[in-house]
Amino acid sequence: MSEEEQLIKVFYTCFQRLDWKGMLDCYHEEVFFYDPVFENLEGPQVRAMWEMLLSNAKDLQLSFSNIQADPAKDSYGSCDWVATYTFSQTGRRVVNKGKALFTFSEGKIIEHHDNFSLWRWSRQALGIPGILFGWTPVLQNKIRRMARKNLEKFIARTSPQTA
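Shown next as structure tokens:
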């Protein structure tokens, strides 16, 4: 197993344990993250997102497989993952299947892209509204705005206050 593959394994093993601090140790200081919900996040936003999500996780089950990385090919890596949990806002069970793509620098993850179907997620998490409207930009953008708003509130609540 390459160093990059080992790093991916450590990242997702920490994820399984809800160890957001361990996950953050796998990231480069200047990490960039993208997923269909939060879209583009950088550095401190990425760290706060994982802390927020995992601190609030109640029944998360995570599996990962198919870890691949080839340092000879521009330090790219990937793996498949499945996250199963109850979406707290609706109490509905979600089984979210995705693929993560990574870029490495200085022995850390510097870019992390999670790809999954936001429509499939919304059908499970939101029920009828997600089934009927989850494919529309209107509902998808509402989901994104709510996620960002929650992240901004979390950052404001947890960041040291300056006098």
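Counted the way the numbering used here counts, the sequence shown spans residues 33 to 195. We put the beta carbon where it would ideally sit given N, CA and C, even for glycine.
task = Kindly provide the ranges of any alpha helix (DSSP H) runs that are 4 or more residues long and lie completely inside the stretch 64-130, ordered along the chain.
result = 75-87
CB of V78 within 8 Å of CB of I175, strictly = When the beta-carbon positions are compared, V78 and I175 stay at least 8 Å from each other.
request  = Please name the residue, chosen from E83, R49, Q100, Y117, that lies closest to L39 on a Cα-to-Cα basis.
outcome  = Distance check between L39 and each of E83, R49, Q100, Y117 places Q100 closest, using alpha-carbon atoms only.
Beta-carbon proximity of A89 to W113, cut-off 8 Å = no
task = Would you tell me roughly how many angstroms separate the C-alpha atoms of S149 and G162, rounded to the nearest one?
result = 12 Å
Three-state class that DSSP yields for W45 in the structure shown = It should be pointed out that residue 45 corresponds to Thr in this sequence rather than to Trp. Of the three classes helix, strand and coil, the one that applies to T45 here is helix, per DSSP.
task = Let me know if L158 comes out buried or exposed under the rule of 16 or more other beta-carbons within 10 Å of its beta-carbon.
result = Buried, since its Cβ has 16 or more Cβ neighbours within 10 Å.
Meets three-Cβ-pair contact criterion under 8 Å: the stretch 132-141 and the stretch 171-185 = Counting C-beta pairs with one atom in each stretch, the stretch 132-141 and the stretch 171-185 have fewer than three that are closer than 8 Å, which means they do not touch.
Spatial distance of L50 from V170 (CA atoms) = 32 Å
task = Apply the 10 Å Cβ neighbour rule to S95 and answer buried if 16 or more other Cβ atoms are within range, or exposed otherwise.
result = exposed
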